[in-house]
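Adding 1 to a residue's 1-based position in the sequence shown gives its number in my numbering. Beta carbons: idealized from backbone N, C-alpha and C, even for Gly. As the structure is a computational prediction, the values presented were derived from the model and not from experiment. Here is the structure we will look at.
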Amino acid sequence: MKARGPVLLVLGDSLAFHGPERGEPADDPRLWPNVAAAALGGRAELVAGIGWTARHAWHALTHDPRVWALMPRVDALVLGIGGMDTLPSPLPTALRELIPALRPERLRRAVRTGYQRAQPRLARAFAALPGGGPVALPPRLTVDYLEQCRSAVQAMRPGIPVVAALPSVHRAAVYARVHAGRPAAERATREWAAEAGVALLDLPALVGEHVMSGQGNPDGMHWGWSAHAAVGSALADLLRPSMGG
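In structure tokens, the structure reads:
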């Protein structure tokens, strides 16, 4: 019987499945989780969503039976999550996520349009506050959810390697190019990773120039294929010593 390759469980946000023009199917070989898995001779199981924070990843891990079914075969956990946590959030995340549920439709459209217009101005104004203003998820909560994800998976799959990602960068007009919350989140992620024995994928070093020079998606946040290739290759290099090759 042919031996199977390693299975990477990747918990991610839209950076894991958006390319230079749009979101792509999870099995697109150009996406960084699949680039990494292919380099290791295995496959990636991607669990991700638009705007997902570390809290969403924990919810998926604990509520999605498709994820539970993967656990006996998982050989590595990749926490490609946490970057969206650092984005400006003038409206508390819980309230913002209720906008799609508003009724009637006219009210929903009005609130959504008003928030989209106000968000860049509010993000710029709040950036002047101590700490850079509110973000989608505070760093202390981000690392708490990351640790819960790590400990839960390693409880079922003892000894498997875990890789997390440092928050990426952006130049998105929808956030007025504000990213005041990123430095604190990076510090918290580095501290947690050092304590937990988690390897780190340095996304700013890998995609920073690509994004900030406008080579990625026109939205100023998502990446082109060259960045996906670089991140996938770097992830494979981090995992290869633990994958037996």
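Where residue i sits in the DSSP three-state scheme
i	result
Pro-219	coil
Arg-141	helix
Leu-287	This structure cannot speak to residue 287, because the chain is shown only from 2 to 246.
Val-154	helix
Gly-24	strand
Met-2	Caution applies to Met-2, whose pLDDT of 34 falls short of 50 and renders its modelled position unreliable; the value that the coordinates give is listed next. Met-2 falls in the coil class under three-state DSSP.
Arg-31	coil
Ala-40	helix
Ala-129	coil
Residue i, buried or exposed, once every other Cβ within 10 Å from all chains shown has been counted against 16
i	result
Arg-188	exposed
Gln-117	exposed
Gly-217	buried
Arg-106	In the sequence under discussion, the amino acid at residue 106 is Glu, which differs from the Arg named in the question. Exposed, by the Cβ-count rule.
Gly-215	exposed
Gly-160	exposed
Gly-133	buried
Ala-137	buried
Leu-10	buried
Pro-140	buried
Leu-12	buried
Beta-carbon separation (whole angstroms), residue i vs residue j, contact threshold 8 angstroms
i	j	result
Ala-38	Ala-45	4 angstroms
Gly-83	Ala-55	5 angstroms
His-244	Leu-41	Residue 244 is actually Met in this sequence, not His. Confirmed, Cβ separation roughly 5 angstroms.
Ala-197	Arg-151	6 angstroms
Met-72	Arg-5	Not really, about 15 angstroms apart at Cβ, beyond 8 angstroms.
Leu-78	Val-163	5 angstroms
His-229	Val-36	6 angstroms
Ala-165	Ala-195	Not quite, the Cβ-Cβ distance comes to about 11 angstroms (not below 8 angstroms), so this is no contact.
Within the chosen definition, does the stretch 177-185 reach the stretch 71-90 through at least 3 CB pairs nearer than 8 angstroms?
Yes, they touch.
Is it true that the stretch 221-233 meets the stretch 11-23, where meeting means three or more beta-carbon pairs spaced less than 8 angstroms apart?
Contact annotation: the stretch 221-233 touches the stretch 11-23, with at least three C-beta pairs closer than 8 angstroms.
Under 8 angstroms: do the stretch 165-174 and the stretch 196-212 share three or more Cβ pairs, one atom per stretch?
Cβ pair count under 8 angstroms is three or more, so yes.
Uninterrupted beta strand (DSSP E) stretches inside the stretch 65-110 (no shorter than 3 residues):
Restricting attention to beta strand (DSSP E) runs no shorter than 3 residues, the stretch 65-110 encloses them at 77-81, ordered along the chain.
Every unbroken beta strand (DSSP E) within the stretch 153-191, with a cutoff of 3 residues, ordered by chain:
Complete beta strand (DSSP E) runs here, min 3: 163-166.
For the stretch 50-68 and the stretch 136-149, state whether three or more C-beta atom pairs, one from each stretch, are separated by less than 8 angstroms.
In short, these stretches touch, since the Cβ pair count reaches three.
Going residue by residue through the stretch 190-215, where are the continuous alpha helix (DSSP H) segments of at least 4 residues, counting only ones entirely within it?
Correct list: 204-213.
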